[in-house]
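Residue numbers (my numbering): 51 to 177.
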């Protein structure tokens, strides 16, 4: 049997590892639900994302067997996470910038009923 065929079966992990990871994912889910009921102000989203990132890393690392793969596979996963972090960071910068920009006060759509729709043209001034 050659070295290539001996490694084709992949890494076999014990069932206890999968049970432990499953329990950790359940705890992470409970933490996510519990954090939703705690008012942390502007940090609610950050806490939820940290818990989600931890749970996702467990799934990728153990269930997708990245832990046992080559360095090139690990580099590929790390590169994808790096660019995802950049995109999420840019999204949060945009979102934060919108939260503090001056905006028109929201209007009640029901109060607008009965008013004529704007036509885009102005009535001529009568002098």
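A virtual CB, placed ideally from N, CA and C, is assigned to each residue, including glycine.
{"Item": "Distance, Cα to Cα, residue 142 vs residue 107?", "Value": "21 Å"}
{"Item": "Can you tell me the Cβ-Cβ gap for residue 85 and residue 102, rounded? I've got them flagged as a contact below 8 Å.", "Value": "11 Å between Cβ atoms; not a contact."}
{"Item": "Output the distance between the C-alpha atoms of residue 72 and residue 125, rounded to the nearest integer angstrom.", "Value": "26 Å"}
{"Item": "Considering only residues of the segment 86 to 120, which uninterrupted alpha helix (DSSP H) runs meet the minimum length of 4 residues and lie entirely inside it, listed in chain order?", "Value": "94 to 108"}
{"Item": "Leaving out the 5 sequence neighbours to the left and right, which residues in its chain are closer than 7 Å to residue 78 when beta-carbon positions are compared?", "Value": "101, 104, 105"}
{"Item": "Leaving aside the five residues before and after residue 69 along the sequence, list all residues of the same chain whose C-beta is less than 6 Å from its C-beta, in chain order.", "Value": "none"}
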